[in-house]
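Peer 1: First to last, the sequence lines map onto chains A and B.
Be aware that the first sequence starts at 1, since it is given in the working numbering, and climbs by one per residue.
Be aware that the second sequence starts at 212, since it is given in the working numbering, and climbs by one per residue.
Positions of the beta carbon are idealized from the N, C-alpha and C atoms, including for glycine.
Just so you know, these numbers come straight off a predicted model, no measurement behind them.
2 protein chains.
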Amino acid sequence: MDKNKNISMAVIKRLPKYYRYLEELMKHEVDRISSKELGEKIGFTASQIRQDLNCFGDFGQQGYGYNVKELYNQIGSILGLGRGYEAALVGAGNIGQAVSNYSRFENMGFKITAIFDANPKLIGMKIRDVEIMDIDEMASVLNSHKIDIGIICVPRKNAQNVADGLIKGGIRAIWNFAPVDLVVPEPVKVENVHLSESLLTLIYLLNESDS
Amino acid sequence: MDKNKNISMAVIKRLPKYYRYLEELMKHEVDRISSKELGEKIGFTASQIRQDLNCFGDFGQQGYGYNVKELYNQIGSILGLGRGYEAALVGAGNIGQAVSNYSRFENMGFKITAIFDANPKLIGMKIRDVEIMDIDEMASVLNSHKIDIGIICVPRKNAQNVADGLIKGGIRAIWNFAPVDLVVPEPVKVENVHLSESLLTLIYLLNESDS
Chain A
1 MDKNKNISMA VIKRLPKYYR YLEELMKHEV DRISSKELGE KIGFTASQIR QDLNCFGDFG
61 QQGYGYNVKE LYNQIGSILG LGRGYEAALV GAGNIGQAVS NYSRFENMGF KITAIFDANP
121 KLIGMKIRDV EIMDIDEMAS VLNSHKIDIG IICVPRKNAQ NVADGLIKGG IRAIWNFAPV
181 DLVVPEPVKV ENVHLSESLL TLIYLLNESD S
Chain B
212 MDKNKNISMA VIKRLPKYYR YLEELMKHEV DRISSKELGE KIGFTASQIR QDLNCFGDFG
272 QQGYGYNVKE LYNQIGSILG LGRGYEAALV GAGNIGQAVS NYSRFENMGF KITAIFDANP
332 KLIGMKIRDV EIMDIDEMAS VLNSHKIDIG IICVPRKNAQ NVADGLIKGG IRAIWNFAPV
392 DLVVPEPVKV ENVHLSESLL TLIYLLNESD S
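1. Does the count of Cβ pairs from the region 319 to 335 of chain B and the region 272 to 284 of chain B closer than 8 Å reach three?
2. Can you list, in chain order, the residues of its chain with a C-beta nearer than 6 Å to that of A298/B? Leave out the 5 residues immediately preceding and following it.
3. In whole angstroms, what separates the C-alpha of K121/A from that of Q97/A?
4. What separation, rounded to the nearest whole angstrom, lies between the Cα atoms of K214/B and L236/B?
5. Between which two residues does the beta strand (DSSP E) carrying G361/B extend?
6. Is the shortest distance between the beta-carbon of F59/A and the beta-carbons of chain B less than 9 Å?
7. Would you report the Cα separation of H405/B and P390/B, rounded to the nearest angstrom?
8. Can you list, in chain order, the stretches of the alpha helix (DSSP H) that have 4 or more residues and sit fully within the region 66 to 126 of chain A?
9. When the Cβ atoms of the region 119 to 139 of chain A are set against those of the region 68 to 81 of chain A, are three or more pairs found closer than 8 Å?
10. Alpha carbon to alpha carbon, what distance is there between L38/A and R50/A?
11. With DSSP run on the structure shown, which of helix, strand or coil describes R128/A?
12. So what's A178/A in DSSP terms, helix, strand or just coil?
13. Compare the C-beta of K3/A against all C-beta atoms of chain B and say whether one is closer than 9 Å.
14. List the residues of chain A that T324/B touches, going by C-beta distances under 9 Å, in chain order.
15. Can you have a look at M9/A and say buried or exposed, based on whether 16 or more other CB atoms are within 10 angstroms of its CB?
16. Relative to the C-alpha of L226/B, which candidate in D263/B, I244/B, E240/B, D242/B has its C-alpha closest?
17. How is V401/B classed by DSSP in three states: helix, strand or coil?
18. Tell me whether D242/B sits in a helix, a strand or coil according to DSSP, three-state version.
19. Report, in whole angstroms, the separation of the C-beta atoms of A384/B and V352/B, which I expect to be a contact under 8 Å.
20. With DSSP as the reference, identify every bridge partner of D345/B, one or two as the case may be.
21. Between S355/B and Y21/A, what straight-line distance do the alpha-carbon atoms span, to the nearest angstrom?
22. In angstroms, rounded to a whole number, what distance separates the CA positions of G57/A and E408/B?
23. What would DSSP say about M220/B, mapped onto helix, strand or coil?
24. Contact check, R128/A vs N101/A under 8 Å by CB: the rounded distance?
25. Let me make sure I understand the geometry here. Which of C55/A, K146/A, N192/A, V188/A has the alpha-carbon closest to that of R156/A?
26. When DSSP labels each residue in this structure, what does Q272/B get in the three-state scheme?
27. Strictly by DSSP, which residues pair up with Q384/B?
28. When you compare only the Cα positions, how much space is there between L202/A and K126/A?
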């Protein structure tokens with residue numbers, strides 16, 4: 001599929017949402033849906049949906065709407081879900097363990113195949129059959145295995161160091177849970193999950209509605 | 212402090228980032244900073260920073276810049292961090308346990324004081340001194356305790372039900388980790404942490420840079 005470059009980040013961020021809603025529709029055995037109905041479900045306008053999907057190709061048919069399964073597969077393909085992804089997770093503390101245990105990701109072809117930590121108490125333990133290895137082994141493991149994604153779940157002060165190590169090992173996509181903005185060279189992509197910032201946003205909204 | 216209503220969500224989402232950077236600066240004993248320097252650190256332009264902060268009041272002085280501690284305190288106050296917040300967490304599985312164990316939140320005055328689950332194996336166990344209670348007790352606990360925030364860490368299919376229960380119990384701010392968009396009445400605020408969507412975005416970006 002030809003990918004239209006320069007798709008705005010806002011559109012990209014909406015694609016996973018489309019994907020999730022279409023998955024739901026398939027589970028409920030809905031075969032087709034109009035942009036209006038889909039919009040009502042997701043909370044977007046019909047024209048927003050048509051505009052978004054037009055960025056990637058010619059989906060849907062006037063008067064018929066979208067074939068749910070077809071659109072689901074197409075968005076999956078746009079997202080790059082046709083193949084599997086292997087990830088290395090660094091930092092097997094609370095968040096790291098939760099992410100390692102989250103089986104939902106495997107439906108997306110995503111598998112954590114290496115876990116590293118510096119804590120001797122954790123090294124050698126297993127999470128879902130993956131043994132926690134010493135962080136000192138990371139460089140050699142990354143060298144000898146094809147790993148696509150690095151997941152950073154270490155404390156803030158170690159996060160940049162870990163990112164540098166992952167990138168040196170050939171990783172070009174980092175899922176960062178540490179409360180810090182990583183500095184990475186151009187081709188490397190970072191997606192942050194900043195829990196504290198999310199909570200602060202909620203606290204602000206709570207107070208705003210109180211005042 | 213007078214709050215300017217109708218602040219855009221984009222500005223609100225940036226405030227926690229300012230707060231985090233200012234905290235870092237204080238740790239490094241930086242007393243003052245210009246909007247230009249602050250912008251370089253955060254990755255925003257100086258004029259963006261001045262615009263954002265002007266939404267909330269008159270910060271900074273021409274030629275002097277911002278007093279770091281003062282700005283930190285003011286943003287903390289805008290975010291509503293002057294007082295403590297109590298939260299009830301529902302769903303003590305992987306993600307729920309990780310969130311309950313994340314001590315960083317306590318610096319923000321945020322404390323999880325009640326945890327609920329439906330799993331008999333978990334009920335009665337403790338996470339950081341908070342006992343996991345039967346979800347059936349949620350209504351009465353919410354009635355008798357002043358709880359500000361509900362945290363939903365249950366599977367998708369139960370999330371709306373749990374949200375309804377929290378709202379019925381007087382909760383007006385929900386931190387939702389379930390992969391679903393909750394339907395809530397007007398005054399209730401929801402902040403989502405959608406891990407699968409975040410991961411899908413990263414996979415898209417990885418593929419985009421490959422193609």
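Peer 2: Taking the structure as given:
1. no
2. Numbered from its first residue, the second sequence carries residue 298/B at position 87. The beta carbon of A298/B lies closer than 6 Å to those of I323, I360, I362 in the same chain, with the five residues before and after it left out.
3. By 1-based counting over the first sequence, the position of residue 121/A is 121. By 1-based counting over the first sequence, the position of residue 97/A is 97. Taking the straight line joining both Cα atoms gives about 14 Å.
4. As a position in the second sequence, residue 214/B is number 3, starting the count at 1. As a position in the second sequence, residue 236/B is number 25, starting the count at 1. At K214/B, the pLDDT of 48 sits below 50, so the modelled position is not reliable and the matter cannot be decided from this model.
5. Looking up residue 361/B in the second sequence gives position 150. 360 to 363 is the extent of the beta strand (DSSP E) around G361/B.
6. Within the first sequence, numbered from 1, the residue matching residue 59/A stands at position 59. No, no contact with chain B.
7. Reading the second sequence from its first residue, position 194 is the one you call residue 405/B. Reading the second sequence from its first residue, position 179 is the one you call residue 390/B. Rounded to whole angstroms, H405/B to P390/B spans 6 Å at the Cα level.
8. 68 to 79, 94 to 101
9. no
10. On the first sequence, position 50 is the one that residue 50/A refers to. On the first sequence, position 38 is the one that residue 38/A refers to. Cα to Cα, the separation comes out at about 10 Å.
11. On the first sequence, position 128 is the one that residue 128/A refers to. Coil, per DSSP.
12. Counting from one through the first sequence, the residue named residue 178/A turns up at place 178. A178/A falls in the coil class under three-state DSSP.
13. Within the first sequence, residue 3/A is the residue found at index 3, counting from 1. Legend: pLDDT at K3/A = 48, less than 50; position of this residue unreliable, value from coordinates given subsequently. By this cut-off, K3/A is an interface position.
14. Counting from 1 along the second sequence, the entry for residue 324/B is found at position 113. Those do not exist, as T324/B stays about 15 Å from chain A at its closest Cβ, beyond 9 Å.
15. Here residue 9/A is taken as the residue at index 9 of the first sequence, counted from 1. Here M9/A is exposed. Its C-beta has fewer than 16 other C-beta atoms within 10 Å.
16. The residue you call residue 226/B lines up with position 15 of the second sequence. Nearest option by C-alpha distance: D263/B.
17. By one-based count along the second sequence, residue 401/B stands at place 190. Three-state result, V401/B: strand.
18. For the purposes of this step, residue 242/B is identified with residue 31 of the second sequence, where counting begins at 1. For D242/B, the secondary structure class from DSSP, reduced to helix, strand or coil, is coil.
19. As a working note, residue 384/B is residue 173 in the second sequence. As a working note, residue 352/B is residue 141 in the second sequence. No, A384/B and V352/B are not in contact; Cβ-Cβ is about 17 Å, not under 8 Å.
20. As a working note, residue 345/B is residue 134 in the second sequence. In the DSSP output, where bridge partners are listed per residue, D345/B has D328/B.
21. Numbered from its first residue, the second sequence carries residue 355/B at position 144. Numbered from its first residue, the first sequence carries residue 21/A at position 21. The straight-line gap from Cα to Cα measures roughly 37 Å.
22. Start at 1 with the first residue of the first sequence, and residue 57/A comes out as number 57. Start at 1 with the first residue of the second sequence, and residue 408/B comes out as number 197. Taking the straight line from one Cα to the other gives about 21 Å.
23. Counting from 1 along the second sequence, the entry for residue 220/B is found at position 9. M220/B: helix per DSSP, three-state reduction.
24. Along the first sequence, one-based indexing puts residue 128/A at 128. Along the first sequence, one-based indexing puts residue 101/A at 101. Indeed, because the Cβ distance is near 6 Å, the residues count as touching under 8 Å.
25. Here residue 156/A refers to the residue found at position 156 when the first sequence is read from its first residue. When only C-alpha atoms are compared, the closest one is N192/A.
26. Stepping through the second sequence from its first residue, residue 272/B is reached at position 61. In the structure shown, Q272/B sits in a strand (DSSP, three-state: E or B).
27. Taking the second sequence and counting its residues from 1, the one referred to as residue 384/B is at position 173. Checking the displayed sequence, the identity of residue 384/B turns out to be Ala instead of Gln. In the DSSP output, where bridge partners are listed per residue, A384/B has I360/B, K400/B.
28. Along the first sequence, read from residue 1 onward, the residue named residue 202/A stands at position 202. Along the first sequence, read from residue 1 onward, the residue named residue 126/A stands at position 126. Going by C-alpha positions, L202/A is about 35 Å away from K126/A.
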